[in-house]
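One line per chain: the protein sequences are R and E, in this order. Residues 475 to 677 (my numbering) make up the first sequence, in order. Residues 475 to 677 (my numbering) make up the second sequence, in order. Even glycine gets a Cβ: it sits at the ideal position worked out from N, Cα and C. Some notes on the structure that comes next.
Protein chains: 2
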Amino acid sequence: MTRIVDKKAQEAALSRAVWDVLGQQGLERLTVRAVAAAAGCTTGLVMHRFPNRQALLRHARQLLHEKTRARVEALERDAPSPRAALRDVLRQGLALDAETRHESIVWVGFLAAAVADDELIEMHRAGNRAWRARVERLVGAAAPDWAEADVSDVALGLITMAEGAAAFAAADPVAYPPAAQEQMLTAALTAYGLSEERRSLSR
Amino acid sequence: MTRIVDKKAQEAALSRAVWDVLGQQGLERLTVRAVAAAAGCTTGLVMHRFPNRQALLRHARQLLHEKTRARVEALERDAPSPRAALRDVLRQGLALDAETRHESIVWVGFLAAAVADDELIEMHRAGNRAWRARVERLVGAAAPDWAEADVSDVALGLITMAEGAAAFAAADPVAYPPAAQEQMLTAALTAYGLSEERRSLSR
DNA sequence: CTCCTGTCGTAACAGACGTTACGGTAACAT
DNA sequence: ATGTTACCGTAACGTCTGTTACGACAGGAG
């Protein structure tokens, strides 16, 4: 009939191009032409795969969410203990290397873009609430005897800290090197009584 | 000689217009025309006061930084104790009402814009480092017997938590109501042993 | 009053933008 | 081999962008 093209792979490649432009040139220069150039094609292909720029951005946002979720699930599955799982899952959200630093910049870019796009902000909220629920579950597993309210407060403190640290480190890698972020996370987990080293008796 | 116009006031009004557009329409719609419309003037005045769009954005960024610094200094000056100062200063960084929520959106917008503007990112870094140094000083005053490294780790955990919470709450006010943010902050300060309620003996 | 200097609205410019239309091309079915 | 259908590069469209140029206007100085 017609020749076969891997549409999903093309869409993923274009989404990666969106991440590249967003991370290296910023939201203001995130044009269809720039994405096409980063993907090594022309605007013809981009507009053939997506009805418009909005749909392209939304697909790229969705794919980023799925990517991080897969990474988190793998970390959680492979963790030797609930507290290790909590620590590893939070750790992956930091900006510790070039890739995660890039991801954090892209995350901020999408958040800024969501101001002008109702569906983007809705996607952010859905993903963020799932993320929060996950960390609450991990905190609950790491501290089974805690009251629900304490689990909620601590989980919130942890996810906001991780996200804020990633944003700070992405914007100023020199001032926030990986070691500083890791020590910050360790200090927080220890303070909350969620460190793996020695179990705290209670809060 | 010539008629007198309050240039500083005009620049401030235009900067407020930048904040308005950035917070309500987002970075992508932050055009010179939109700023002029929000300020109730035309592009003629905008381009008469600023050499170009970049300078307008940078001035607005600078003014936002000075605004929050003034607020923080007042809070710090009026605080009854070092621990109250720390708590109040961190609290003002949260997104607890419409104004601070708006400020947080604007902050994210400027951070996203800084990807494409070397001077904006440099301004962010300078302001952020000053902010970090301030909180480190406040933590040191609130816990005089701590080691320098501990002060640094805890201060970093606190500022990243506050910034992350503001961003989350601005993007999803329903899921992150003021009470949740305040409880999160209280829980963190208590966990770190920086609560005002009862002095912790040591970390 | 008459300059005259700074103010700022109006209008236009070139370029970049998202989007549409079209056509050459390549691969599959027959 | 030939027809057919989807693919996608090319080019154009109208719109919107930052920026420039110009001129009308206002108010202190002489």
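Go ahead and pull the three-state DSSP assignment for F642/R. helix
Any beta-carbon of chain R closer than 8 Å to the one on V589/E? yes
Run through DSSP, which three-state label would V628/E get? helix
Give the interface partners of R527/R over in chain E, defined as CB-CB distance under 9 Å, in chain order. Chain E residues near R527/R: none, gap ~10 Å exceeds 9 Å.
Please classify T516/R as buried or exposed, where buried requires at least 16 neighbouring CB atoms within 10 angstroms. exposed
On the DSSP letters alone, give me the boundaries of the alpha helix (DSSP H) that V572/R sits inside. Per the sequence shown, residue 572/R should be read as Ala rather than Val. Per DSSP, A572/R belongs to the alpha helix (DSSP H) from 572–587.
Min CB distance L530/R to chain E below 8 Å: no
I'd like to know whether the C-beta atoms of A487/E and A513/E end up nearer to each other than 8 Å. yes
Would you report the Cα separation of V563/R and G518/E, rounded to the nearest angstrom? 52 Å
Let me confirm a value: T634/R is counted as buried when at least 16 other C-beta atoms fall within 10 Å, else exposed. Which label applies? buried
Can you tell me where the alpha helix (DSSP H) with E593/R in it begins and where it stops? 592–616
Option in R561/R, V628/R, A553/R with minimal Cα separation from L659/E: V628/R
Span separating the alpha-carbon of A615/R from that of P554/R: 13 Å
Find the residues of chain E that neighbour H598/R, judging by a C-beta separation of less than 7 Å, and give them in chain order. A645
Of all Cβ atoms in chain E, is any one closer than 8 Å to the Cβ of A662/R? yes
Between S626/R and A644/R, what straight-line distance do the alpha-carbon atoms span, to the nearest angstrom? 27 Å
Nonlocal neighbours in the same chain, by C-beta distance under 6 Å from T664/E, ignoring five residues either side: none
So which of F642/R, R608/R, D480/R has the shortest CA-CA distance to L560/R? R608/R
Quick check: is the beta carbon of G638/E nearer than 8 Å to any beta carbon in chain R? yes
CB of V495/E within 8 Å of CB of A508/E, strictly: yes
Excluding five sequence neighbours on each side, which residues of the same chain lie with their C-beta closer than 8 Å to the C-beta of R606/R? A629, L630, I633
Inter-residue Cα distance where the pair is A586/R and G497/E: 9 Å
Closer than 6 Å by C-beta to L537/R: which residues in its own chain qualify, once you throw out the five before and the five after it? Chain order, please. S489
Less than 7 Å between C-beta atoms, sequence neighbours within five positions excluded: which residues of the same chain meet that for S674/E? Residue placement at S674/E is flagged as unreliable, the pLDDT there being 45, under the threshold of 50; a coordinate-derived value is accordingly withheld.
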